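Undergrad:
Number of protein chains: 4
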Amino acid sequence: MPDHSATTAEGRPAAVDAGLFSPVHAGTPVEREVTDEAWLRAMLDAEAALTRAQSRLGLVPPGHAETISRVARTAEFDVVDIARRSRETANPVVPLVQELTAAVAAVDGAAAEYVHRGSTSQDILDRGLMLMATRALRVILADVDRTAAALARLAEVHRDTPMPGRTLAQQAVPITFGLKAAGWLSGVLDARRSLRRLVEEGLPAQLGGAAGTLAGYLEYAALAGVSTSTYPAALFTAFAEELPLRAPVLPWHSIRTPLAELAGALAVLTGVLGKIALDVQVLSRTEIAELAEPGRPGRGVSSAMPHKRNPVLATLIRAAAAQVPLHATVVTQCLVAEDERAGGAWHAEWHPLRECLRLAGGAAGLAAELAAGLVVFPERMRANLDLIGDLLVSERVAVALAPILGKAAARELVNRASARAATEGLRLGALLEADPITSGKIPAEELRALLDPTRYTGAAGPLVDRALHRYHEER
Amino acid sequence: MPDHSATTAEGRPAAVDAGLFSPVHAGTPVEREVTDEAWLRAMLDAEAALTRAQSRLGLVPPGHAETISRVARTAEFDVVDIARRSRETANPVVPLVQELTAAVAAVDGAAAEYVHRGSTSQDILDRGLMLMATRALRVILADVDRTAAALARLAEVHRDTPMPGRTLAQQAVPITFGLKAAGWLSGVLDARRSLRRLVEEGLPAQLGGAAGTLAGYLEYAALAGVSTSTYPAALFTAFAEELPLRAPVLPWHSIRTPLAELAGALAVLTGVLGKIALDVQVLSRTEIAELAEPGRPGRGVSSAMPHKRNPVLATLIRAAAAQVPLHATVVTQCLVAEDERAGGAWHAEWHPLRECLRLAGGAAGLAAELAAGLVVFPERMRANLDLIGDLLVSERVAVALAPILGKAAARELVNRASARAATEGLRLGALLEADPITSGKIPAEELRALLDPTRYTGAAGPLVDRALHRYHEER
Amino acid sequence: MPDHSATTAEGRPAAVDAGLFSPVHAGTPVEREVTDEAWLRAMLDAEAALTRAQSRLGLVPPGHAETISRVARTAEFDVVDIARRSRETANPVVPLVQELTAAVAAVDGAAAEYVHRGSTSQDILDRGLMLMATRALRVILADVDRTAAALARLAEVHRDTPMPGRTLAQQAVPITFGLKAAGWLSGVLDARRSLRRLVEEGLPAQLGGAAGTLAGYLEYAALAGVSTSTYPAALFTAFAEELPLRAPVLPWHSIRTPLAELAGALAVLTGVLGKIALDVQVLSRTEIAELAEPGRPGRGVSSAMPHKRNPVLATLIRAAAAQVPLHATVVTQCLVAEDERAGGAWHAEWHPLRECLRLAGGAAGLAAELAAGLVVFPERMRANLDLIGDLLVSERVAVALAPILGKAAARELVNRASARAATEGLRLGALLEADPITSGKIPAEELRALLDPTRYTGAAGPLVDRALHRYHEER
Amino acid sequence: MPDHSATTAEGRPAAVDAGLFSPVHAGTPVEREVTDEAWLRAMLDAEAALTRAQSRLGLVPPGHAETISRVARTAEFDVVDIARRSRETANPVVPLVQELTAAVAAVDGAAAEYVHRGSTSQDILDRGLMLMATRALRVILADVDRTAAALARLAEVHRDTPMPGRTLAQQAVPITFGLKAAGWLSGVLDARRSLRRLVEEGLPAQLGGAAGTLAGYLEYAALAGVSTSTYPAALFTAFAEELPLRAPVLPWHSIRTPLAELAGALAVLTGVLGKIALDVQVLSRTEIAELAEPGRPGRGVSSAMPHKRNPVLATLIRAAAAQVPLHATVVTQCLVAEDERAGGAWHAEWHPLRECLRLAGGAAGLAAELAAGLVVFPERMRANLDLIGDLLVSERVAVALAPILGKAAARELVNRASARAATEGLRLGALLEADPITSGKIPAEELRALLDPTRYTGAAGPLVDRALHRYHEER
């Protein structure tokens, strides 16, 4: 492992990734929660929490626990140096514990004896990961809440705004924009439910020791004369009281369901946000123009085309949605982990899980902004409804004629008339009025009403109400 | 689309997939629930249920609903013919409805008018899919239950059976086989919890009509003089009473969270089963031989090597675990679906979701058999514990010496002694007894006890009890 | 493994998959090449070829090789029965060899001694797979050729047909449809190059015996008194002469690069076809309507909406493109295969690789039809070019004004005018003519020419020529 | 998009990713080639190259091209600031071009007019990406070469070192370690061939302008009085002469085969390296111990267990192999890109492709070190061969008895004897000598030779020679 140092022209170490090619999350609050530095801090927080928990159980003198906590909170560590040393042990915990121990020893040599007692690398890394994820999920859920609120408002305001429904990229029958927004909302609520469940239940703390038997922890308990029979449960509980994590039933070093469930829920979240973004892109196409992204000076500027305003929020959300499911797949595949700690499957989780958090979080922030500021053009929706004229309600006419002509014959006749109307650019209504079979079968007034697309939105309104009812219930 | 017919030498149509390259599920009960024929039947069941629901709401004369139900249940359809015709419409529902309507008409022309009223292809396909999935999940959960029960028994029986714990493919510290089985169990319980939640809540029925507004359904309600304001909720309820599906808040033609959550839960299930299988493979390696798969005549025969008995159950489970996460990824990615019905994202879900069901189901059946019949060799575990001798408890000695020498010095000394023991093939205990620094610091008797690997299993027993407690609570 | 039999109402075994939910390939020629039956036949062909190769090298009496070849070609085997028995050995070869041996013995007991000599299950399965893939690739490449030819024609015919170029879902600057078709073509040519390379080089035969040492084969050679030093190379060569496969350098039981490369190339193929399909979907949207799929009676019918003609070819291609990359990922991941034959990684490849072949093949057939029959509406392209008027060439005006005003000032001025034109629905040209800064700077005539979108297609024509040149060179 | 700044305790911006959780590549040469800073530099290099190419064609005064090149090479840019501003335009090029233009203007206002002439964001980003990838591939290929050389040496040295072959996790028949190494080598050579092909052909430059027509470039050519008919080809050629990239046939803004092929080749590379790592892990298991990773002080230290030496190189390679195929899948899926520039599919490629480069590169470096220093224990291989005794050659005895007893009867008898030998812990040879059917059929001496596993390695040696021959040919 050669040791070339990566430095910029001026000699400072170059960031591997400062977000330059990740505009989805560059500089966002969620990104701040999941930087290398933040994860390092979370591991240190967890290390300190362990010592405090052990102290409450009589294994560590309180003063030493305080010292360790203070040093863990305030000492500065060289992330790049630890990163490089991590290659020798395949994880950054070994050098980190060395650094922390040295930093504590510099303050109080006796306290340093109590650092990392009974623990193993994976305990610390996993605890830190769960703590970091908990913090990130708080930010993400706040943005999901904002998104849901904005979508609910769109659904309510546009409950009865007619627009073309589209299936397989073709105009189908009318819907309302409120129903579309209600659909978006229901996807977001589904995704939120899973994430909330994880947060409410609490992500699990990790405490297992070398191979998950807690043997190392018990050894120190025995040294301190603490009963080892009640110690495991007591340690789990004390630790969970120090951090917003739940006590696990068992150590889960190689039973990685908590991570797979978290990654899966984040993949679903970006999926439902990606659906919104894709719809916004389609509906803000130049030729459709029913929606526009919220604008602001400088936003969506093209480097070549002065007239363009690119839908950058939707673009970035889609970029996130294209990536997160695959990162989540890595995490899910890492469930197949051999032995008490897997050689590779564990190490492969770290980066993908963080990517899930920051890309899903970035997408949630973008979606909140997109939903809150989305510009709706009801008049364009109306104009597009008229594009293919009354063909859009051909389904309805077929139903109305069914009791008169029989279902099959009615369908057959409307099929024929629709095809002619489409080919010759005629109105379906005119053809039906002129057709000897249908002429007079339905009064002209009634036929006109039947053929008005804005009056064929079915139960769109009541369905919106159902979605809003759910939204209010789950608030 | 050329129409070459795929036939065998004798002229009968060749099965595209009869399971020849899917030993994971060939001929299993779960496979039977998800064949093309079964899905077709589920779509027909759903179609009949719709007519009965509409009949209860006054839209279809009861006799006609009965006729349609009977024909849907008993008529034979040519799956291969419908499959080929499906290429013209990108889904099999259009030709299927034609066939069903014709079959009903052959019995009662008037009843045929009531087939598929107000519905759209996706309504039927999705309903059938959810019904089929519900049926398959019942089979899968039964096998998951059997697996969990067998693992609980293994955990209980071997609560205190010592064996080497292994991390990064190296022996680490002792564990018990019961703890390993308890870990497997906890993964299975996590996966079961998600699947149970889906089943208990009920998979959602799909009722939306052409673009999800229920317009077509309402049109027929209006024709029948039924109030359209209360009709949507009534229809959802009536339909859900006819089938083991829940009434959805909204149509979900392009809000595919129900499928993504289902696929995700199945991926997690195969992941936790894959972990068990991988551990079984490792531990039944010729050189380790701590476990063996349940044997039976003919099982695991090699075509070339008479002496071999291949661990086929674990092999097949791993094959499933290698595939399901990727199928599930397709389904999750299909969340990003444009418009009211997506042109491609919808169609891409079908096969992968079925693969998730049959591979996860196949794996669950195999896991139940594997767990129930797993052969455990405690004496081999014991022998392997002795392989590297007391080095396996070097962690413990370091802890025991810490209060005497200081943590760092103790660790340093044990490191040195361990390295020497490993290199020269000596016992760590002998070296420590001979070392002037440690000699006499710990009484010989006590040192021997400290160095006995079977006495260094930490809280393995109590942790097993915790897992069993959870198992009994969740039964 | 319970043995419930999956049968239809009438008692015949139900096909697991008859293509009902795979309209991408149901009933196509490529599907016919990769059915269970076809793969079984390919394994039998490979088995017979082995015997003939051994016969040429003096190990098998010629008459026996003929007998085995004849029986392998003509005997009927029960695919479903073999599929179920395959669960005992984790692959279908063990029961297949039993059946073949019995079938040969029924004809000539002495010949039966020579079946499967020295071979192992994986040898046969891999050989059959490579033979099947070779056959399928021939079909696929023919459809790729048809697609390329049709795209080349579109590029040539529409070399100078102006249409709006679109970036980030917004109209950007004009292009020609020929350039778009040339882009599609270049993707297809790239994909074809990789596939052709594989076919021209030949997929590798598999001959290794139990653990890849050829020991079993050599043992029989020794029995027959044939020199074992030259035998390996001779056997590779003789076998490769019997089938359209190349002699490998080494057995590749657990070095699976040939499969990964094949799957990867098929994923790229469906990706480039998916790009075409997505563009066709976008451009045939009701509001854009620049393209339409080739129609034919019954094609694209909706079960609910009489007026609709769904773009089913593009829809199905996209469905394939959503699936193949994930199937290919399974195959690529199976490169990480332990030992001389992997327990799971090998078994996981079979189904995904076949899916790659049949979905990519199905997509190629659909693409050939789509490209050959694509309906182009130049007048709609022209009309859409006028939608945002001369804003579409704002880039050009900014360039033209640069030498007069400076690049930054020109850009700034055009930005401002464009924003105003877009907001107030005015023409950019009118604003520039009226602007005191620009007024008179460019003669009115010249300004009008500058602002004509049909005259701002850059090097579209020459670029098309470059693509066509490549096409003709690679034919 | 809130603008919270991510800073450390001391106020300096925290690196999003400094490699702390990516020990696969932290601090390696390949990582240095693909940092944000490096990519930024590559974009600037490409921007400068464009100006020089335009200068050679008479569009830019040579002095200005020099000025721009110098500023592009030496000016410092604030990566974090550009990253954040990139959120407004969904890519970092717009702010970068602003910064570069300002930096040039600060030196020479006239030269600044010539920055980014005719170009579009994607041109620059893609050019920079291809340049960066070219540089990274050089580093990667050097490590692949070192790996191949070390594997060739292992194959040669251990051509005839017998060890157990293993299939489905069970000992099967003997192989030689040289054959195993030759298999590893052949996978690496396959992967190298694809990567070399890409490098030798050259990755393509990107030049297209706003929508791929080169219109902007041509506009400036026209301004300069340069013939626009020959300009496109001239520009491609001149640009390709300035950088180690090839001239493309067409702009490829939304025809992304070059990226998909690159990502696919890197996925195959990590796959074959992952296979090596997995084998090393298996064979260095405590109970098998046939291989050991190269050690060095501090390497593989455990934070809990003094005696352990973890195989960290193999662990990290496996972690890379678990991730790269999924990153590559994102890139392949981005082939399905709408229009002339995709809104999301383009943006989703950046990070995954970089991950492919740095993880594959990291893995290649680790593999080179692993292969070069791998410690082989022939005596352990020999001991493991004796574990199941002569059962390992049961295949051979069955063949030897076939001409005497008939193939089926011989197989049947050996099966029975093997089962008994395994169950009762006896030698197969002893049983056969005692069996009345076989006793005396094969002379005792010959039987003993037949049953010596070290003499049943088949053509392992000549196969190694074939692999080495290929290696030398491809050097």
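Residue numbers (this note's numbering), protein chains in the order written: chain A, 1 to 475; chain B, 1001 to 1475; chain C, 2001 to 2475; chain D, 3001 to 3475. Glycine residues also receive a C-beta, built at the ideal position from the N, C-alpha and C atoms. This structure is a prediction, so every number in the text was calculated from the model and none was measured.
(1) Where do the ends of the beta strand (DSSP E) carrying residue 1285 of chain B lie?
(2) Please confirm if residue 2448 of chain C has its CB atom under 8 Å from at least one CB of chain A.
(3) May I ask you to report which of helix, strand or coil DSSP gives residue 3175 of chain D?
(4) Between residue 2459 of chain C and the rest of its own chain, which residues show a CB-CB distance below 6 Å, the 5 nearest in sequence each way excluded?
(5) Return helix, strand or coil for residue 3170 of chain D, following the three-state DSSP convention.
(6) Hey, is the stretch 3346-3362 of chain D in contact with the stretch 313-321 of chain A, meaning 3+ C-beta pairs nearer than 8 Å?
(7) Can the beta-carbon of residue 1370 of chain B be found less than 8 Å from the beta-carbon of residue 1405 of chain B?
(8) I want to see whether chain C comes within less than 8 Å of residue 286 of chain A, judged by CB atoms only; does it?
(9) Enumerate in chain order the residues of its own chain whose CB-to-CB distance from residue 3003 of chain D is below 8 Å, with the five nearest sequence positions on each side excluded.
(10) Does residue 2091 of chain C have its Cβ less than 8 Å from a Cβ in chain A?
(11) Against chain A, with Cβ distances strictly below 8 Å, would residue 1442 of chain B count as a contact?
(12) By the criterion of Cβ-Cβ separation under 7 Å, what are the contact partners of residue 332 of chain A in chain B?
(13) Assign residue 69 of chain A to one of two classes, buried (16 or more other C-beta atoms within 10 Å of its C-beta) or exposed (fewer than that).
(14) Roughly how many whole angstroms lie between the Cα atoms of residue 266 of chain A and residue 360 of chain A?
(15) Is residue 3206 of chain D close to chain B, meaning its C-beta is less than 8 Å from at least one C-beta of that chain?
(16) Could you name each continuous alpha helix (DSSP H) segment of 4 residues or more that falls completely within the stretch 1238-1315 of chain B, going from the start of the chain to the end?
(17) Fully enclosed by the stretch 1133-1169 of chain B, which beta strand (DSSP E) runs are 3 residues long or longer?
(18) Excluding five sequence neighbours on each side, which residues of the same chain lie with their C-beta closer than 8 Å to the C-beta of residue 1234 of chain B?
(19) Measuring alpha carbon to alpha carbon, tell me which of C:2283, C:2062, C:2038 ends up nearest residue 2073 of chain C.
(20) Tell me the DSSP secondary structure of residue 87 of chain A in three-state form.
(21) Just the C-alpha distance for residue 3103 of chain D and residue 2408 of chain C, rounded to the nearest angstrom, thanks.
(22) Taking only beta-carbon atoms, is residue 1315 of chain B less than 8 Å away from chain C?
(23) Look at the alpha carbon of residue 466 of chain A and the alpha carbon of residue 331 of chain A, and state the distance between them as a whole number of angstroms.
(24) For residue 3299 of chain D versus residue 66 of chain A, is the C-beta distance shorter than 8 Å?
(25) Identify each residue in the stretch 3040-3057 of chain D for which the Cβ-Cβ distance to at least one residue of chain A is less than 8 Å, and report them in chain order.
(26) Would you check whether the ligand GTP has a heavy atom nearer than 7 Å to the C-beta of residue 3444 of chain D?
(27) Using a Cβ-Cβ distance under 8 Å, would residue 2341 of chain C count as near chain D?
(28) Taking the alpha helix (DSSP H) that residue 2041 of chain C falls in, what are its first and last residues?
(29) Can you confirm whether residue 3135 of chain D, when its beta carbon is compared against all beta carbons of chain A, has any partner nearer than 8 Å?
(30) Could you please give the first and the last residue of the uninterrupted alpha helix (DSSP H) stretch that includes residue 2402 of chain C?
(31) Tell me, please, which residues DSSP counts as bridged to residue 3017 of chain D.
(32) Can you check whether the C-beta of residue 1394 of chain B is within less than 8 Å of a C-beta belonging to chain D?
TA: Inspection of the coordinates gives the following:
(1) Segment: none, residue 1285 of chain B is in no beta strand (DSSP E) and carries neither H nor E.
(2) no
(3) strand
(4) none
(5) strand
(6) yes
(7) no
(8) yes
(9) Low per-residue confidence applies at residue 3003 of chain D: pLDDT is 32, beneath 50, and the placement is therefore not dependable enough to give any value.
(10) no
(11) no
(12) 1267, 1268, 1271, 1325
(13) buried
(14) 6 Å
(15) no
(16) 1257-1283
(17) 1162-1167
(18) 1057
(19) C:2038
(20) helix
(21) 14 Å
(22) yes
(23) 36 Å
(24) no
(25) 3040
(26) Although the ligand GTP was asked about, the structure shown includes no ligands whatsoever.
(27) yes
(28) 2036-2056
(29) no
(30) 2394-2405
(31) A:17
(32) yes
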